[in-house]
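Okay, structure first, notes after.
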Amino acid sequence: MLYLDVESRPRLSETRIIDRTDAAILLALDADPLATTTALSEELRFARNTVQSRQRRLEADGSLAPPSSRLHRGAMGYSLLAFVSIEISQGDLDPTVEALSAIPEVLELHAVTGDADLIAQVVATDPEDLHRVTRLIVGAYGVMRTSTSLAARELIPRRMRPLLERTLS
441 MLYLDVESRP
451 RLSETRIIDR
461 TDAAILLALD
471 ADPLATTTAL
481 SEELRFARNT
491 VQSRQRRLEA
501 DGSLAPPSSR
511 LHRGAMGYSL
521 LAFVSIEISQ
531 GDLDPTVEAL
541 SAIPEVLELH
551 AVTGDADLIA
561 QVVATDPEDL
571 HRVTRLIVGA
581 YGVMRTSTSL
591 AARELIPRRM
601 RPLLERTLS
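Written out as structure tokens, the structure reads:
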């Protein structure tokens, strides 16, 4: 789900906590992302309406990310991954977030504590492209300074399965 308005995105406190039924459905979808509602209900021995309503609720409340989030950046030619620490002008959070969200290579943006105000996960096709992307970030409204760290190697990819499995145990 794309949230153009910063205030419309679900906040952690607004997101429903995943229960055992949700975890079972999500683990089954993790194993077979293209499974139909009927196949899931048969495999899990849940009513079809239960599976369907749970999936809809998980999507609606932001708990279930869109399928595009499963796509690996390398499959689109983005071989470089970097983390950009961003310091912004005081009071400029919302317009800065809006400006940064217009940069397609900014995959994630988080408000953080510490020396920086924000940290962005960005992708690029090569070092020259990373320079272009960081120049876009530096030129975004409210950005005062940045510091970029290039990911040398992914050691543990983003994962939720162990947490879902713990919910079932």
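In the numbering used here, the protein residues as written are 441 to 609.
Glycine included, each C-beta is placed from N, C-alpha and C at the ideal position.
When C-beta atoms of the segment 541-560 are compared with those of the segment 486-496, fewer than three pairs fall below 8 Å, so the two segments do not count as touching. Residue pairing of GLU548 in beta bridges, as defined by DSSP: GLN561. In the structure shown, the three-state DSSP call for GLU527 is strand.
Below 8 Å, enough C-beta pairs join the segment 564-576 and the segment 505-524 to call them touching: three or more.
Under the three-state reduction of DSSP output, LEU595 falls in the coil class, being neither helix nor strand.
Contact annotation: the segment 493-506 does not touch the segment 522-540, with fewer than three C-beta pairs closer than 8 Å. ARG585 has GLU527 as its beta-bridge partners, per DSSP. Secondary structure note for ALA471: its alpha helix (DSSP H) is the uninterrupted segment 460-471. Inclusion of LEU590 and ALA522 in the CB contact set at 9 Å is warranted, their separation being smaller than that value. Note that the C-beta distance between ALA464 and LEU608 is below 9 Å.
For LEU576, DSSP assigns no beta-bridge partner whatsoever. A distance of 9 Å or more separates the beta carbons of VAL578 and THR536. DSSP, read as helix, strand or coil, puts LEU533 in helix. Taking C-beta atoms under 8 Å as the contact rule, ARG601 and LEU474 fail to qualify, at a distance of about 17 Å. Relative to ARG593, the option among ARG460, ASP470, ARG510, GLY514 whose CA is nearest is GLY514.
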